[in-house]
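Peer 1:
Number of protein chains: 2
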Amino acid sequence: MEDIISLCKRRGFIFQGSEIYGGLAGTWDYGPFGVTLRNNVRSLWWKRFVEDREDMYGIDAAILMNQNVWKSSGHVAGFSDPLVEDTKSKKRYRADHLLEAAGVDVKGMSLAAMSAAIKEKGIKSPDGNALGEVRQFNMMFKTNVGATEDETSISYLRPETAGGMFVNYKNVVDSLHPKLPFGLAQVGKAFRNEIAPRDFIFRLRELEQMEIEYFVDPKDWEKAFESFRQQVHAFTDDIGLAPAHVHELEVADGDRAHYSKRTIDFEFDYPFGKKELYGLAYRTDFDLSAHTKGSGVDLSYFDEETKTRLTPHVIEPSFGVERTILAILTESYTEDELGGEKRIYLKFPPRIAPVKVAVFPLLKNKPQLVEKAREVFMMLKKKIPGVMFDDNGNIGKRYRRQDEVGTPFCVTIDFDTMGETLELKDTVTLRNRDTGAQQRIPLVDLSSHIMDAIF
Amino acid sequence: MEDIISLCKRRGFIFQGSEIYGGLAGTWDYGPFGVTLRNNVRSLWWKRFVEDREDMYGIDAAILMNQNVWKSSGHVAGFSDPLVEDTKSKKRYRADHLLEAAGVDVKGMSLAAMSAAIKEKGIKSPDGNALGEVRQFNMMFKTNVGATEDETSISYLRPETAGGMFVNYKNVVDSLHPKLPFGLAQVGKAFRNEIAPRDFIFRLRELEQMEIEYFVDPKDWEKAFESFRQQVHAFTDDIGLAPAHVHELEVADGDRAHYSKRTIDFEFDYPFGKKELYGLAYRTDFDLSAHTKGSGVDLSYFDEETKTRLTPHVIEPSFGVERTILAILTESYTEDELGGEKRIYLKFPPRIAPVKVAVFPLLKNKPQLVEKAREVFMMLKKKIPGVMFDDNGNIGKRYRRQDEVGTPFCVTIDFDTMGETLELKDTVTLRNRDTGAQQRIPLVDLSSHIMDAIF
Numbered sequence: 005m006e007d008i009i010s011l012c013k014r015r016g017f018i019f020q021g022s023e024i025y026g027g028l029a030g031t032w033d034y035g036p037f038g039v040t041l042r043n044n045v046r047s048l049w050w051k052r053f054v055e056d057r058e059d060m061y062g063i064d065a066a067i068l069m070n071q072n073v074w075k076s077s078g079h080v081a082g083f084s085d086p087l088v089e090d091t092k093s094k095k096r097y098r099a100d101h102l103l104e105a106a107g108v109d110v111k112g113m114s115l116a117a118m119s120a121a122i123k124e125k126g127i128k129s130p131d132g133n134a135l136g137e138v139r140q141f142n143m144m145f146k147t148n149v150g151a152t153e154d155e156t157s158i159s160y161l162r163p164e165t166a167g168g169m170f171v172n173y174k175n176v177v178d179s180l181h182p183k184l185p186f187g188l189a190q191v192g193k194a195f196r197n198e199i200a201p202r203d204f205i206f207r208l209r210e211l212e213q214m215e216i217e218y219f220v221d222p223k224d225w226e227k228a229f230e231s232f233r234q235q236v237h238a239f240t241d242d243i244g245l246a247p248a249h250v251h252e253l254e255v256a257d258g259d260r261a262h263y264s265k266r267t268i269d270f271e272f273d274y275p276f277g278k279k280e281l282y283g284l285a286y287r288t289d290f291d292l293s294a295h296t297k298g299s300g301v302d303l304s305y306f307d308e309e310t311k312t313r314l315t316p317h318v319i320e321p322s323f324g325v326e327r328t329i330l331a332i333l334t335e336s337y338t339e340d341e342l343g344g345e346k347r348i349y350l351k352f353p354p355r356i357a358p359v360k361v362a363v364f365p366l367l368k369n370k371p372q373l374v375e376k377a378r379e380v381f382m383m384l385k386k387k388i389p390g391v392m393f394d395d396n397g398n399i400g401k402r403y404r405r406q407d408e409v410g411t412p413f414c415v416t417i418d419f420d421t422m423g424e425t426l427e428l429k430d431t432v433t434l435r436n437r438d439t440g441a442q443q444r445i446p447l448v449d450l451s452s453h454i455m456d457a458i459f
Numbered sequence: 005m006e007d008i009i010s011l012c013k014r015r016g017f018i019f020q021g022s023e024i025y026g027g028l029a030g031t032w033d034y035g036p037f038g039v040t041l042r043n044n045v046r047s048l049w050w051k052r053f054v055e056d057r058e059d060m061y062g063i064d065a066a067i068l069m070n071q072n073v074w075k076s077s078g079h080v081a082g083f084s085d086p087l088v089e090d091t092k093s094k095k096r097y098r099a100d101h102l103l104e105a106a107g108v109d110v111k112g113m114s115l116a117a118m119s120a121a122i123k124e125k126g127i128k129s130p131d132g133n134a135l136g137e138v139r140q141f142n143m144m145f146k147t148n149v150g151a152t153e154d155e156t157s158i159s160y161l162r163p164e165t166a167g168g169m170f171v172n173y174k175n176v177v178d179s180l181h182p183k184l185p186f187g188l189a190q191v192g193k194a195f196r197n198e199i200a201p202r203d204f205i206f207r208l209r210e211l212e213q214m215e216i217e218y219f220v221d222p223k224d225w226e227k228a229f230e231s232f233r234q235q236v237h238a239f240t241d242d243i244g245l246a247p248a249h250v251h252e253l254e255v256a257d258g259d260r261a262h263y264s265k266r267t268i269d270f271e272f273d274y275p276f277g278k279k280e281l282y283g284l285a286y287r288t289d290f291d292l293s294a295h296t297k298g299s300g301v302d303l304s305y306f307d308e309e310t311k312t313r314l315t316p317h318v319i320e321p322s323f324g325v326e327r328t329i330l331a332i333l334t335e336s337y338t339e340d341e342l343g344g345e346k347r348i349y350l351k352f353p354p355r356i357a358p359v360k361v362a363v364f365p366l367l368k369n370k371p372q373l374v375e376k377a378r379e380v381f382m383m384l385k386k387k388i389p390g391v392m393f394d395d396n397g398n399i400g401k402r403y404r405r406q407d408e409v410g411t412p413f414c415v416t417i418d419f420d421t422m423g424e425t426l427e428l429k430d431t432v433t434l435r436n437r438d439t440g441a442q443q444r445i446p447l448v449d450l451s452s453h454i455m456d457a458i459f
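Taken in sequence, the protein lines are chains S and Z.
Heads up, the first sequence is in my numbering, so the first residue is 5 and it goes up one at a time.
Heads up, the second sequence is in my numbering, so the first residue is 5 and it goes up one at a time.
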């Protein structure tokens, strides 16, 4: 994990948020390669789950919503963590974390039971002081909208993107008349006031979700659920996660939300253990019914074919952008030996690699090589996204730099390209990241050869 | 304006935020066509200003930042609007808006002068009550991060994306070693607690910016400024704004921020008047110097070639996503007569249109037409982003629906396609949105014909 974090900082993927000001825990900033990796992941998800389908409708709702959205959804009352206060320093800690660290299984434990267990086990705060009673702490960030600061002006930073989809469900039905089953999809930020953000970009205060709310006739829920279960695996394949590292956890009756009739957590083998990557939940009619009740607007659906009115049930596949990025980094990070030297490389699937091809002149101080390399660079850039030019340092160093950012192909223009060896004129060296192998390719075939390997 | 808002809601572009809960002023949600239009605008901007260049580095910083970022930038002290309170109802109003409505020129007016002018003119609140003194009201949304709510845990929703770039300037310099001049670019949300959000998506509480901080040797600022001035115009051309509707306003000495030596506002002829679309400012070394001082981290730049150390100066081109969308909608909204009937259409440039091509079978109840149309649809979908299938209602209605969402091309599969007229076998009707003209195109040429017209 330390190696990944260090590589991410050193090579411009991910930096600590507000770093020069000492940071802000639970926030991270993306540098040039990180932004592109992230864009590629989002685009691939959007293509698979929205563009390639005809039953999916994209949505982009505001982060700030009317506070009543979160009253209806139950977040104002129930989106909370159990906290306990150091009676002396007044610092607050997650009671469940302290108990887990002391070997107590906290699953399903009430607040009172946690308080009792802390006393019984004699658990102290990290500063060695006594702890108070365990209390609920709401994890939504609160702010006030408008000129006055009172109860009526409260708004929250959305804790999940789902709310934006339920609130716009009727707008989409009225403007586009989709037929059941259909889904709304959204990619966007969500915020959670985690008391103990940790594990790099795994547990964050500011995160991004890619979520779907898929509306079905209640009798068809199992078919849709199974279809999404398979599509989650297809997506983890797409982003290069080994099937052996992705696990399904069927969430047991007592551990599911009260309204959910089935939930699968998809877990991944992160460096710090097997932890949740994605979720898939059957939420029955809980959401549409709650928002119908809360808003007073009827969110039932009239089926033109069967001439019946029903409240659709919901299947919710939920993907975290940062957990995806961390899984990809974990899976891709490789150390090996090449040419007798230790090297680090990221074996990104070419499709999501931030840089697809790097173009080098063999020598920086030979104008004809540089000119030809620029020509090849411009030619590739027109056809392929993510092409980079580099003439800094010797070829070996440039290969290692590209390995570290996961560039699948490097192209070198040398004297043979210029015709020094007649039969090699207008050919270039194409170097493969994973094997280090080099092959000679005619310039005319270069872009199609690379395109075929990427997509 | 009302026509545009109504079309946007009716056809699934833009809905009022949290609409079923009575809304939240200053927030808007994007429906399926709106999301795609927005993605297309963002992608085009990113391509022009980041991907197509070698001197630009993408960044994606967190929305929540360490509060000291905004102390250094001057936002905590100075990012405010003048407010005045109704002494009876306690409602608050923008003092400058009330004065402007009364015909007073408020430019450069102090708070005391505004208070005096309100008394002198006898201006009352909209409810007819007396008004109090004019006070500054900070426009940043405030929240608390962590378990305790005190001064140290305050964080703000960033009021602009710029801060994220200055804070990461050193990270990019250290990891990627760019040579001056170079720029950081970012697309992301920003938040402003506007007291009077208005004009649809023009004045918002939650908005999205596409910003660049371009770092130059102080002696080169004019060249970079001029280059961006031209690129702003090239971009407004790209998104289809008529040059006659885009105006430059050279901001006068007294009206510029104290540190800026030159600022141009690019204004557009919106339905509600000529208002700011984009901005271009020369900010000297104000930002890097302020953040060096505030963070204690040296943000100077060492030039390897000249072996000198300097604090780069900054040129800042700033683009609002929603103002861009509103300008595009304003420019594209057209009413005309076609075939003796009034029609509404959006003449989007094909490149940014959410749907590029719609494919229809002439009749819904002829399986061979539907099957062939599905085949053509799948073929186009593989090659072109934004292809839609529609078999609902008669052809005339389908054309009108596509006109309203700005689809540049419609393809109809009819009996001639199937070989009823032998010489027309395997040809389709391609209909042009703007002229309504139809032409017969062989299926084999269809995708390349459309691709040429789009890109």
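For glycine and all other residues, C-beta sits at the position ideal for the given N, C-alpha and C.
Give me the subset of the segment 62-80 of chain S whose CB atoms are less than 9 Å from a CB atom of chain Z, sorted by chain position.
Peer 2: Against chain Z - using a Cβ distance shorter than 9 Å - the residues of the segment 62-80 of chain S are Gly-62, Ile-63, Asp-64, Ala-65, Ala-66, Ile-67, Leu-68, Met-69, Asn-70, Gln-71, Asn-72, Val-73, Ser-76.
Peer 1: Reducing DSSP to helix, strand and coil, say where Asn-148 of chain Z ends up.
Peer 2: Position 144 of the second sequence, counted from the first residue, corresponds to residue 148 of chain Z. Correct three-state label for Asn-148 of chain Z: strand.
Peer 1: In the segment 7-61 of chain S, which residue ranges form an unbroken beta strand (DSSP E) of at least 3 residues, counting only runs that do not cross its ends?
Peer 2: You should have 18-20, 32-34.
Peer 1: The ligand HEM heavy atoms versus the CB of Glu-254 of chain Z: any closer than 7 Å?
Peer 2: By its list of ligands, the structure shown contains no ligand whatsoever, and the ligand HEM lies outside what it can speak to.
Peer 1: Quick test of the definition: if touching needs 3 or more C-beta pairs under 8 Å, does the segment 102-117 of chain S touch the segment 169-182 of chain S?
Peer 2: The segment 102-117 of chain S is not in contact with the segment 169-182 of chain S.
Peer 1: By Cβ distance, which residues of its chain are closer than 8 Å to Met-69 of chain Z, with the 5 residues on each side in sequence left out?
Peer 2: Sequence index remark: in the second sequence, residue 69 of chain Z carries index 65 (1-based). Answer for Met-69 of chain Z: Ser-159, Tyr-160, Arg-162, Gly-167, Gly-168, Val-171, listed in chain order.
Peer 1: Taking one C-beta from the segment 173-189 of chain S and one from the segment 204-211 of chain S each time, how about it: are there three or more such pairs within less than 8 Å?
Peer 2: Result no; under three Cβ-Cβ pairs closer than 8 Å.
Peer 1: By the 9 Å beta-carbon criterion, what residues does the segment 390-408 of chain S contribute toward chain Z?
Peer 2: Those would be Gly-390, Met-392, Phe-393, Asn-396, in chain order.
Peer 1: Closer than 8 Å, CB to CB, is Tyr-25 of chain Z near chain S or not?
Peer 2: The residue given as residue 25 of chain Z occupies position 21 in the second sequence. Closer than 8 Å to some Cβ of chain S, the Cβ of Tyr-25 of chain Z qualifies, so yes.
Peer 1: Grouping DSSP H, G and I as helix and E and B as strand, with all else coil, what is Pro-86 of chain S?
Peer 2: For the purposes of this step, residue 86 of chain S is taken as the residue at position 82 of the first sequence. Strand, per DSSP.
Peer 1: Give the C-beta separation of Val-361 of chain Z and Ile-388 of chain Z to the nearest angstrom, bearing in mind that I take them to be a contact with Cβ-Cβ under 8 Å.
Peer 2: Against the second sequence, residue 361 of chain Z aligns to sequence position 357. Against the second sequence, residue 388 of chain Z aligns to sequence position 384. That pair is a contact at about 6 Å.
Peer 1: May I ask you to list the residues that DSSP assigns as paired with Met-69 of chain S?
Peer 2: Here residue 69 of chain S is taken as the residue at index 65 of the first sequence, counted from 1. According to DSSP, Met-69 of chain S bridges with S:Tyr-160.
Peer 1: Any idea if Leu-303 of chain S is buried or exposed, counting beta-carbon neighbours within 10 angstroms, 16 or more meaning buried?
Peer 2: By one-based count along the first sequence, residue 303 of chain S stands at place 299. It is buried - the Cβ of Leu-303 of chain S has at least 16 other Cβ atoms within 10 Å.
Peer 1: Judging by CA-CA distance, which residue of S:Thr-31, S:Lys-183, S:Glu-164, S:Ala-457 is the nearest neighbour of Thr-312 of chain S?
Peer 2: As a working note, residue 312 of chain S is residue 308 in the first sequence. Closest option to Thr-312 of chain S, Cα to Cα, is S:Lys-183.
Peer 1: Could you pull out every residue in the same chain whose Cβ sits closer than 8 Å to the Cβ of His-453 of chain S, ignoring the five residues on either side in sequence?
Peer 2: As a working note, residue 453 of chain S is residue 449 in the first sequence. Here the set comprises Leu-434, Ile-445.
Peer 1: Can at least three beta-carbon pairs, one atom from the segment 46-54 of chain S and one from the segment 140-149 of chain S, be found at a separation below 8 Å?
Peer 2: The segment 46-54 of chain S is not in contact with the segment 140-149 of chain S.
Peer 1: Is the beta carbon of Val-301 of chain S sitting closer than 8 Å to the one on Ile-18 of chain Z?
Peer 2: If you number the first sequence from 1, residue 301 of chain S lands on position 297. If you number the second sequence from 1, residue 18 of chain Z lands on position 14. The answer is no: Cβ separation not under 8 Å.
Peer 1: Under 7 Å Cβ to Cβ from Phe-290 of chain S, same chain only, skipping five residues before and after it: list those, please.
Peer 2: Here residue 290 of chain S corresponds to residue number 286 of the first sequence, with the count starting at 1. Correct list, in chain order: Tyr-263.
Peer 1: Applying a beta-carbon distance threshold of less than 7 Å, which residues of chain Z neighbour Asn-142 of chain S?
Peer 2: Walking along the first sequence from the start, residue 142 of chain S turns up at place 138. Correct list: empty, because the minimum Cβ distance to chain Z is about 11 Å.
Peer 1: So with Cβ pairs under 8 Å, would you call His-101 of chain Z a contact of chain S?
Peer 2: Against the second sequence, residue 101 of chain Z aligns to sequence position 97. Not one chain S Cβ lies under 8 Å of His-101 of chain Z.
Peer 1: For Arg-404 of chain S, which of helix, strand or coil comes out of DSSP?
Peer 2: Position 400 of the first sequence, counting from 1, holds the residue named residue 404 of chain S. Helix at Arg-404 of chain S.
Peer 1: Against Glu-58 of chain S, what residues of chain Z qualify as contacts under a CB-to-CB distance less than 8 Å, listed in chain order?
Peer 2: Translated into the one-based positions of the first sequence, residue 58 of chain S becomes position 54. Neighbours of Glu-58 of chain S on chain Z, chain order: Phe-393.
Peer 1: If you run the structure through DSSP and keep just helix, strand and coil, what is Ala-285 of chain Z?
Peer 2: Here residue 285 of chain Z is taken as the residue at index 281 of the second sequence, counted from 1. Strand, per DSSP.
Peer 1: Looking at Tyr-349 of chain Z and Gly-397 of chain Z, is the spacing between their C-beta atoms short of 8 Å?
Peer 2: Walking along the second sequence from the start, residue 397 of chain Z turns up at place 393. Walking along the second sequence from the start, residue 349 of chain Z turns up at place 345. No, the pair does not count as a contact, with Cβ atoms beyond the cut-off.
Peer 1: To test your reading of the DSSP string, which unbroken beta strand (DSSP E) runs of 3 or more residues are found completely within the segment 160-239 of chain Z?
Peer 2: Correct list: 186-195, 210-220.
Peer 1: Could one say the Cβ of His-453 of chain S lies closer than 8 Å to chain Z's Cβ atoms, at least one of them?
Peer 2: Counted from its first residue, the first sequence places residue 453 of chain S at position 449. For His-453 of chain S, the answer is no, since every Cβ of chain Z falls outside 8 Å of its Cβ.
Peer 1: Going by beta carbon distance, what residues of the same chain come within less than 8 Å of Met-422 of chain Z, once the five residues before and after it are set aside?
Peer 2: Counting from 1 along the second sequence, the entry for residue 422 of chain Z is found at position 418. Answer for Met-422 of chain Z: Gln-372, Leu-373, Lys-376, Lys-429, listed in chain order.
Peer 1: Counting only beta-carbon separations shorter than 8 Å, does Val-301 of chain S have a partner in chain Z?
Peer 2: Within the first sequence, residue 301 of chain S is the residue found at index 297, counting from 1. Taking Cβ atoms only, chain Z reaches closer than 8 Å to Val-301 of chain S, which makes this a yes.
Peer 1: Spatial neighbours of Asn-44 of chain S within its chain, please: CB distance less than 6 Å, with the 5 preceding and 5 following residues excluded, ordered by chain position.
Peer 2: Taking the first residue of the first sequence as position 1, residue 44 of chain S is located at position 40. Cβ within range, chain order: Ile-356.
Peer 1: Name the DSSP beta bridge partners of Arg-355 of chain Z, please?
Peer 2: Numbered from 1 along the second sequence, position 351 holds the residue referred to as residue 355 of chain Z. Arg-355 of chain Z is not bridged to any residue.
Peer 1: How would you write the range of the alpha helix (DSSP H) that Leu-333 of chain Z sits in, first residue to last?
Peer 2: Position 329 of the second sequence holds residue 333 of chain Z. Start and end: 325-336.
Peer 1: Where does Gly-136 of chain Z fall in DSSP's three states?
Peer 2: Position 132 of the second sequence holds residue 136 of chain Z. In this structure, Gly-136 of chain Z counts as strand in the three-state DSSP scheme.
Peer 1: Against chain Z, does Asp-203 of chain S count as a neighbour if the rule is that its beta carbon must be under 8 Å from one of theirs?
Peer 2: Residue numbering aside, residue 203 of chain S sits at position 199 when the first sequence is read from its first letter. Chain Z contact via Cβ: absent.
Peer 1: Just by C-beta distance, which residues in the segment 8-25 of chain Z are closer than 8 Å to chain S?
Peer 2: Within the segment 8-25 of chain Z, the residues whose Cβ lies closer than 8 Å to some Cβ of chain S are Lys-13, Arg-14, Arg-15, Gly-16, Phe-19, Gly-21, Ser-22, Glu-23, Ile-24, Tyr-25, listed in chain order.
Peer 1: Around the Cβ of Asp-85 of chain Z, are there at least 16 other Cβ atoms within 10 angstroms (buried) or fewer (exposed)?
Peer 2: If you number the second sequence from 1, residue 85 of chain Z lands on position 81. Looking at its Cβ environment, which holds 16 or more other Cβ atoms inside 10 Å, Asp-85 of chain Z is buried.
Peer 1: Which residue or residues does DSSP assign as beta-bridge partners of Val-380 of chain S?
Peer 2: Numbered from 1 along the first sequence, position 376 holds the residue referred to as residue 380 of chain S. Paired residues: none, contrary to the question.
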